[in-house]
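Taken in sequence, the protein lines are chains A and B.
Everything in the first sequence is counted per the working numbering, starting at 1 for the first residue and increasing by one.
Everything in the second sequence is counted per the working numbering, starting at 1001 for the first residue and increasing by one.
For reference, the structure is listed below as structure tokens.
Protein chains: 2
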Amino acid sequence: MAKVKCGISVSVDNCAAGHHMTEEHPFGDMPQNLLHHWQLDEPEKHKAELHALLDGGAFIIGRNMFGPRGPEYDRSWQGWWGDDPPYHAPVFVLTHRARAPIEMKGGTTFYFVTDGIESALKQARKAAGERDVIVMGGADTVNQFLRAGLLDELWLHIAPIVYGDGERLFEGVSMQGLEVLDVRSTPIVTHVRYGVKRG
Amino acid sequence: MAKVKCGISVSVDNCAAGHHMTEEHPFGDMPQNLLHHWQLDEPEKHKAELHALLDGGAFIIGRNMFGPRGPEYDRSWQGWWGDDPPYHAPVFVLTHRARAPIEMKGGTTFYFVTDGIESALKQARKAAGERDVIVMGGADTVNQFLRAGLLDELWLHIAPIVYGDGERLFEGVSMQGLEVLDVRSTPIVTHVRYGVKRG
């Protein structure tokens, strides 16, 4: 059966972004590339991990990963990624405001889901067919999936920095067993692939 | 120059112990061996890391790592480790109550330091000579050293579990660059050795 996976870049203290996101600062207070040097500075060394980030038949993202907070964006905003987003597949956006789907170039269509993560997952599974569903983030969305026990795999890309106070992975998640599937590191990132234990 | 190092076992969400520690429950709410299966179940696979944990000329521990909370322990309590503790060297205990040193078997002597981490480090450096000083924990003590910029190396032994709500490493620590020195993993623990960047 197709799996539900999440890959997310975090600091050593599990921050995935800073607070106070705006259109100009998609990572809020956090310097924009702080956690992503591995993607930007040495992509050749991380081909497998970069491929895995987008190797899904459908994607799920939180409202704050789709765009900055604020209702003014609801009608005209089409995501951070330009005309041809990198997903090339259906993307289900968790939100509280209904909106018609937006068909982009290259096969990406944003669908807006107002009735929660289980509904989004059901639609994403159906759209993905035999391929995996990927939960892209942000931290709050991943935490909702962890709390509900709906993830099969969690890939952490850990930048060697303590960030301090940000949007934190695992917040509100109670005891959950994992399994180390794979670990690989360069001096600027540690990739840890965890399986999420059930029951 | 000798280094100041810390090795600590944590969950994926950086908890080193549960809340509500007592004499019967040194890890508080946390099941006692949750983070230490690597030490107990497969010591042969982790000889280098086990050796490193105690490879110091002097040690620093927090009051709550020396004994459970409560003034009744102050005069008779001699630590969790029996007559012959595993340190075989001076151990400086951070506390608010003065107490005469306790000389144990095997070369361990507990010294009680009431004037803070910098004083404890100065005394430990002097006692250790050319050997390293090891900050043993718990989380609050390590966080004090991180906040003050006094650690050279941080070795995390990460158990594959999300714990939830416990005594958390990195709490109150603001932005701090690290350097990945070494990473090694088995299915039940991921060892990450970080250098702590200065300035």
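For every residue, glycine included, the Cβ atom is placed at its ideal position computed from N, Cα and C.
Remember, it's a predicted structure, so these values are computed and weren't measured experimentally.
Three-way DSSP call (helix, strand, coil) for residue i in this model
i, result
"Ile1008 of chain B", "strand"
"Leu1169 of chain B", "coil"
"Phe112 of chain A", "strand"
"Ala1184 of chain B", "The amino acid occupying residue 1184 of chain B in the given sequence is Arg; Ala does not appear at that position. Strand."
"Ala1128 of chain B", "helix"
"Ala1002 of chain B", "coil"
"Gln1032 of chain B", "coil"
"Leu1121 of chain B", "helix"
"Leu1178 of chain B", "strand"
"Met21 of chain A", "coil"
Beta strand (DSSP E) segment containing residue i, residue limits
i, result
"Trp155 of chain A", "Glu153 to Ala159"
"Ala139 of chain A", "Element bounds for Ala139 of chain A: not the beta strand (DSSP E) but the alpha helix (DSSP H), Ala139 to Arg147."
"Tyr194 of chain A", "Val189 to Val196"
Alpha-carbon to alpha-carbon, residue j and residue i
i, j, result
"Glu118 of chain A", "Ser185 of chain A", "34 Å"
"His25 of chain A", "Gln32 of chain A", "7 Å"
"Tyr1111 of chain B", "Gly1067 of chain B", "14 Å"
"Phe92 of chain A", "Pro101 of chain A", "9 Å"
"Lys1003 of chain B", "Gly107 of chain A", "55 Å"
"Arg69 of chain A", "His96 of chain A", "12 Å"
"Arg193 of chain A", "Asp132 of chain A", "15 Å"
"Ala1019 of chain B", "Leu1034 of chain B", "Note that residue 1019 of chain B is His in the sequence shown, not Ala. Roughly 14 Å separates the two Cα atoms."
"Leu169 of chain A", "Phe1027 of chain B", "23 Å"
"Asp1055 of chain B", "Leu1178 of chain B", "22 Å"
"Gly7 of chain A", "Gly1007 of chain B", "27 Å"
"His1157 of chain B", "Ser1009 of chain B", "5 Å"
"Arg75 of chain A", "Gly82 of chain A", "16 Å"
"Trp1077 of chain B", "Thr1109 of chain B", "14 Å"
"Asp182 of chain A", "His191 of chain A", "8 Å"
"Cys15 of chain A", "Lys1105 of chain B", "44 Å"
"Arg198 of chain A", "His1088 of chain B", "43 Å"
"Glu49 of chain A", "Gln39 of chain A", "9 Å"
"Asp29 of chain A", "Ala17 of chain A", "8 Å"
"Glu1171 of chain B", "His1037 of chain B", "24 Å"
"Asp1041 of chain B", "Ile1188 of chain B", "9 Å"
"Ala1127 of chain B", "Ala1058 of chain B", "6 Å"
"Val142 of chain A", "Met136 of chain A", "8 Å"
"Met1001 of chain B", "Lys47 of chain A", "40 Å"
"Glu1044 of chain B", "Gly1138 of chain B", "25 Å"
"Leu1151 of chain B", "His1051 of chain B", "19 Å"
"Arg1125 of chain B", "Ala1098 of chain B", "20 Å"
Closest by C-alpha distance to residue i, when choosing among the options
i, options, result
"Val1196 of chain B", "B:Gly1062, B:Gly1149, B:Ile1188 and B:Asn1014", "B:Gly1149"
"Tyr1163 of chain B", "A:Ala124, A:Leu146 and A:Ala48", "A:Leu146"
"Thr114 of chain A", "A:Arg63, A:Cys6 and A:Ile161", "A:Arg63"
"Glu153 of chain A", "A:Asp165, A:Val180, A:Met175 and A:Ala127", "A:Val180"
"Glu167 of chain A", "A:Asp41, A:Lys47 and A:Met65", "A:Met65"
"Pro85 of chain A", "A:Lys5, A:Glu103 and A:Arg125", "A:Glu103"
"Gly79 of chain A", "A:Lys5, A:Thr22 and A:Val183", "A:Thr22"
"Gln1123 of chain B", "B:Leu1050, B:Leu1040, B:Ala1098 and B:Ile1060", "B:Ile1060"
"Val1012 of chain B", "A:Val189, A:Gly199, A:Ser174 and A:Lys47", "A:Ser174"
"Gln1176 of chain B", "A:Gly172, A:Asp165 and A:Gln176", "A:Asp165"
"Lys1005 of chain B", "B:Leu1121, B:Glu1171, B:Val1189 and B:Pro1160", "B:Leu1121"
"Gly129 of chain A", "A:Ile161, A:Asn143, A:Pro90 and A:Gly138", "A:Pro90"
"Asp1140 of chain B", "B:Lys1047, B:Asp1041, B:Leu1094 and B:Pro1160", "B:Leu1094"
"Gly116 of chain A", "A:Gln144, A:Leu53 and A:Arg125", "A:Gln144"
"Pro160 of chain A", "B:Trp1155, B:Pro1160 and B:Arg1099", "B:Trp1155"
"Ile1134 of chain B", "B:His1046, B:Leu1053, B:Met1001 and B:Arg1099", "B:Leu1053"
- Query: Could you give the uninterrupted runs of the alpha helix (DSSP H) lying entirely in the region 1034-1117 of chain B, keeping only those of 4 residues or more?
  - Reply: 1037-1041, 1047-1053 and 1063-1066
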